[in-house]
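Chains as they are written, first to last, in this note's numbering: chain L, 1461 to 1911; chain Y, 1461 to 1911. All C-beta atoms in this analysis are idealised placements derived from N, C-alpha and C, irrespective of residue type, glycine included.
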């Protein structure tokens, strides 16, 4: 159930036109910031600018954080230095980072110049972490406690630091050198008596990550341990940030999208479908299309080698498209299941034997059924076909479906062993390989039994 | 960084053998429950049973919740009625539900009989929600406040209800008829003064879902609004549960896996790769393999129609595998990108024109490059080929790559419009369609220009 169904961008436009400041403030006060941000995204830059001058700073900052990247870019160029600084003050570091990272270099400079000196140093440090690392998605706004604090001290500190912090549900305990010692939940604090000491209550066996850990690995820890926050430490085990679950959900989504694209021969692009330019998208697709087309030269060679066989019996070529597709689909299914299970961490390279044993049996079942149904299909729909050819085609279906399943389940694991991305060993590449295999099997059987 | 690298299942086995109860309790106290659960999963049932008798109830329950389904099933059958009841008491409803749902009916009955009468009613109600609905993944353990409560009252209630609640970070405000009126965060409570009234502090503009909403839609709301908890209401707007982000992460993962499988002609299976039986997996694959193979009869018909053309010039058939793969890959790329963007909510059926305009341009670019490179490829690797044939093959590449992109981007949107799952309009189906198209284009051009 979404809440703003009744308010439209056109209403906002009218109120802005009429400079109905009180009414506008009321509307934004009463509605969800994400929904309002969607409407602001539909306004003209000058209208949005008027809103940003009219509304409360903490509200405009949040609205800004939820705007699409291109709108952020347009608006930030219209902002004055003090306006930018006010906005940066009201945002969490990880949100600032998220929009800064996608801006052109000259605008980033403009934004950083408007930041307070302290914040500028902080932002520059965060910008220096490698893309897709834990450091690049972490927030530096969290509550820090000491082991000697009592629950009463802790509540006081939370009141002080809590307004700035991205979460107060988890508070972190560090020693004097900022080394992370433990974590305590707000629940634990609230349910304990005021004079208990934090050191007694805190959990010192905590799951943490390093700044240069890959965000995909961080996401796996969130899943495995059902976390909502994870602390990030540097090489000296000092606490330097936290990663929150809302950012991890974005990571999980991006990684799934990237895998799906890779599995279908599309090079990764950072932007979404609508945000990407035509040239950019063509580039992300053409590379694999060319590689696969040129590899198909190989199937061409195989076909040329059997030109006389084909010339002697043209009916043989009728079955080539079906054989290629059946083998491709069968191989594709096996590689898809193995790639996904490797990506979610269910399988690892050491499971090769288990996978083979499972796929051999599946291959036998699928191959047999496919072979028999194919024989019946030819009898039924292509009655005039020679019975020997029907048998050879059906045998080819059985053999290639089975072979394709084995190739499909093996290559992703080999890629994983070689520390390559298994997702590349998917559909298109498997299809090209398996096509060549099925042609060879088909022609060999033909030479022996038909001619 | 994981913590238990130093402890192995074999250590546990020895300690259990030696009945080292104190040492075992210490180890489980000091280590993360998820890691320990992984080790318990490697023990024999009798060893695990000894542990479950030895350790604290709240600990064993958590360990149990993290065990794989098959281990849970084995253990639950070894538990006595009172043991089951103790464990059910210590678990949140949504965790109980998760393991009950996968048990065979007779064991579910055994578990429900061991539950307290009150809990049994509650579990039966939860079990009646449709699979994959918000009701089926919600928890009924949360903190409820009243509008007239002061912050001091609220803190008292949180202390009372907090031990049972799955989260205290969000507390929900209901009226006397249990109608949901608002939400307040723990942060807000802690940062306010004790005599303020909850009605003044609470946020009454909240995002909520209904019990029968689809879990995929619930996940989309979590993403859109950056939520960590969402309240679930019934048809009378009464609060009946909450869904927490850890369950949503599982949903996002499952949905991505399901989409990836569907896109590669694999019918959805509930279980993971290693958990699924061979017959089950063969079944999930064979249906689409057969459908696609039988559809390939169509390409066979097209080929038969041009048997004379093929007989007249056998060289023509050499290019068929490459043409089919190139078209299949190109169509696949377009359908993949559109399917994923539809799944993440970036695109909807009403974006058809935008998609066409984008894909037409991408198709023109990719088709042109592919056509030219193909011509050069034939010159380079297959020098003896007739120049007219090279030109016809290259023109076919251009036309079919472009057509395939258009078919690939259109069919998923059509499926979405017809309220079918766009993921089915992916690779394998697109390939079969596009194969037929490319053969027709190829033979038509051949008839006109080569013969």
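Asked                                                                                                                                         : Found
Buried versus exposed call for residue 1472 of chain Y [16 or more other C-beta atoms within 10 Å across all chains shown]                    : buried
Within chain L, partners of residue 1847 of chain Y - CB distance below 8 Å                                                                   : Within 8 Å Cβ-Cβ: nothing; residue 1847 of chain Y doesn't reach chain L, min ~17 Å.
Beta-carbon contacts of residue 1550 of chain Y that lie in its chain and below 7 Å, excluding the five residues immediately before and after : 1517, 1518 and 1521
Coil, strand or helix - residue 1449 of chain L by DSSP                                                                                       : This structure gives no information on residue 1449 of chain L, because the portion of chain L shown stretches from 1461 to 1911.
Beta-bridge pairing of residue 1667 of chain L - partner residues as DSSP gives them                                                          : BP columns for residue 1667 of chain L are empty, so no partner.
Inter-residue spacing [alpha-carbon to alpha-carbon] between residue 1653 of chain Y and residue 1701 of chain L                              : 29 Å
Inter-residue Cα distance where the pair is residue 1660 of chain Y and residue 1603 of chain Y                                               : 18 Å
Reference residue 1600 of chain Y; option with closest CA among Y/1619, Y/1631 and Y/1592                                                     : Y/1631
Short CB-CB distance (under 7 Å) between residue 1706 of chain L and chain Y                                                                  : yes
Three-pair Cβ contact test at 8 Å for the region 1801-1819 of chain Y versus the region 1876-1886 of chain Y                                  : yes
Residue burial classification, residue 1588 of chain Y (beta-carbon count within 10 angstroms, cutoff 16)                                     : exposed
C-beta atoms of residue 1898 of chain Y and residue 1860 of chain Y nearer than 7 Å                                                           : yes
Proximal chain Y residues relative to residue 1777 of chain L, where beta-carbon distance stays under 8 Å                                     : 1763, 1770, 1777 and 1780
C-beta neighbour in chain Y for residue 1812 of chain L, strict 7 Å                                                                           : no
Classification of residue 1800 of chain Y by the beta-carbon crowding that lies within 10 angstroms, buried from 16 upward                    : buried
Residue 1732 of chain Y vs residue 1806 of chain L beta-carbon contact at 7 Å                                                                 : yes
Where residue 1623 of chain L meets chain Y, residues with beta-carbon distance less than 8 Å                                                 : 1651
Rounded C-alpha distance that separates residue 1850 of chain Y from residue 1685 of chain L                                                  : 59 Å
Proximity of residue 1642 of chain L and residue 1616 of chain L at Cβ, strictly below 7 Å                                                    : no
Under the three-state DSSP convention, the category residue 1593 of chain L falls into                                                        : strand
Rounded separation between residue 1674 of chain Y and residue 1595 of chain Y - CA only                                                      : 9 Å
Chain L contacts from the region 1540-1573 of chain Y (Cβ-Cβ distance under 7 Å)                                                              : none
Cβ-Cβ distance between residue 1704 of chain Y and residue 1692 of chain Y below 7 Å                                                          : no
Whole-Å CB distance - residue 1883 of chain Y paired with residue 1722 of chain Y, under 8 Å assumed                                          : 4 Å
Integer Cβ distance of residue 1563 of chain L from residue 1538 of chain L, believed to fall under 8 Å                                       : Incorrect: roughly 14 Å between the Cβ atoms, too far for contact.
Pairwise C-alpha distance: residue 1544 of chain L and residue 1475 of chain L                                                                : 25 Å
Proximity to residue 1547 of chain Y [Cα-Cα], best of Y/1666, Y/1565 and Y/1579                                                               : Y/1579
Cβ of residue 1691 of chain Y within 7 Å of any chain L Cβ                                                                                    : no
Contact list for residue 1684 of chain Y against chain L, beta-carbon separation under 8 Å                                                    : 1494
Which residues DSSP lists as bridging residue 1599 of chain Y, in chain order                                                                 : Y/1702
Interface flag, residue 1510 of chain Y vs chain L, CB-CB below 7 Å                                                                           : no
Limits of the alpha helix (DSSP H) - the one that residue 1634 of chain L falls within                                                        : First-last for residue 1634 of chain L: 1630-1634, but that is the beta strand (DSSP E), not the alpha helix (DSSP H).
Assumed close pair residue 1746 of chain L, residue 1698 of chain Y - CB separation to whole angstroms, cut-off 8 Å                           : In fact, because the Cβ distance is near 56 Å, the residues do not count as touching under 8 Å.
In DSSP terms, what residue 1605 of chain Y is bridged to                                                                                     : Y/1633
Against chain Y: residues of the region 1726-1740 of chain L by CB proximity under 7 Å                                                        : 1726, 1732, 1733, 1734 and 1738
Per-residue DSSP class, three states only, for residue 1796 of chain L                                                                        : helix
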